[in-house]
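Counting with UniProt numbering, you get residues 1 to 164 for the letters of the sequence shown. Have a look at the structure below, then the notes.
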Amino acid sequence: MSVFGLRSLVSDPVFSEALGLGPSRTGASMDWKETPEAHIFKFDLPGLTKEDVKLQVHDDRVLHISADRREEEDDYGEKSNLIKWHCKERVDAGNFCREFRLPENAVVDQIKASMSDGVLVVTVPKDHSKKKKHAKKHAVEIAGEGEHSGLPKDLADLFAAKLN
1 MSVFGLRSLV SDPVFSEALG LGPSRTGASM DWKETPEAHI FKFDLPGLTK
51 EDVKLQVHDD RVLHISADRR EEEDDYGEKS NLIKWHCKER VDAGNFCREF
101 RLPENAVVDQ IKASMSDGVL VVTVPKDHSK KKKHAKKHAV EIAGEGEHSG
151 LPKDLADLFA AKLN
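In structure tokens, the structure reads:
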């Protein structure tokens with residue numbers, strides 16, 4: 001097999017995932033950039049809404065993102081056995097979970113999140129002091145398209161404290 005033939009084989013999603021070379025269907029593609037003020041995470045979650053996604057911080061700076069994808073319904077009902085799939089790469093149903101430890105300078109009680117067009121953006125402000133803080137477990141509300149993602153007047157609207 002030529003190098004070009006191997007390259008096309010590896011670029012095929014089925015083979016690249018099997019070899020561990022491509023993104024997993026159970027995970028979500030993520031970008032993480034650090035600015036002087038914050039850590040900014042972007043997750044591609046196509047087909048999901050903010051109601052489908054759960055975002056939490058637990059165990060002193062572990063960011064936990066999970067979602068349940070519901071199976072799409074066919075319009076064919078009883079005739080669904082007449083449908084013949086030729087290619088099915090999109091994930092219809094299932095759930096995904098991703099978690100990782102935030103840096104020590106993360107201010108976890110001021111995390112903001114928003115979601116628009118299947119992209120979840122999580123902004124974690126940075127603490128520039130040298131003092132180490134311990135966080136309690138809490139959920140983070142995800143603002144939708146057109147909603148304000150800043151801190152609300154009442155912090156209880158943003159954080160639902162879940163103590164161990």
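Heads up, the beta-carbon is just placed ideally off N, CA and C, and yes, glycines get one too.
Item	Value
I think E37 touches K126, with their Cβ atoms under 8 Å apart; what is that distance to the nearest whole Å?	6 Å
Taking F43 and S66 to be in contact with their CB atoms under 8 Å, please state how far apart those CB atoms are, rounded to whole angstroms.	Not a contact, Cβ separation roughly 11 Å.
Indicate the three-state DSSP secondary structure (helix, strand or coil) for L48 in the structure shown.	coil
Which one or two residues does DSSP pair with D127 in a beta bridge?	D127 is not bridged to any residue.
Between which residues of its own chain and D31 is the CB-CB distance below 6 Å, once the five residues before and five after are set aside?	K42
Based on Cα-Cα distance, which residue from L120, T35, H138 lies nearest to L48?	L120
Can you grab the Cα-Cα spacing for the pair Q56 / E71, in whole Å?	24 Å
Per DSSP, what kind of secondary structure is N95 in: helix, strand or coil?	strand
Closer than 6 Å by C-beta to E145: which residues in its own chain qualify, once you throw out the five before and the five after it? Chain order, please.	S116
Excluding the 5 residues flanking F100 on each side, which residues of the same chain have their C-beta closer than 8 Å to its C-beta?	V62, L63
What three-state label does DSSP hand S66 in the structure shown?	strand
Report the three-state DSSP secondary structure of L55 (helix, strand or coil).	strand
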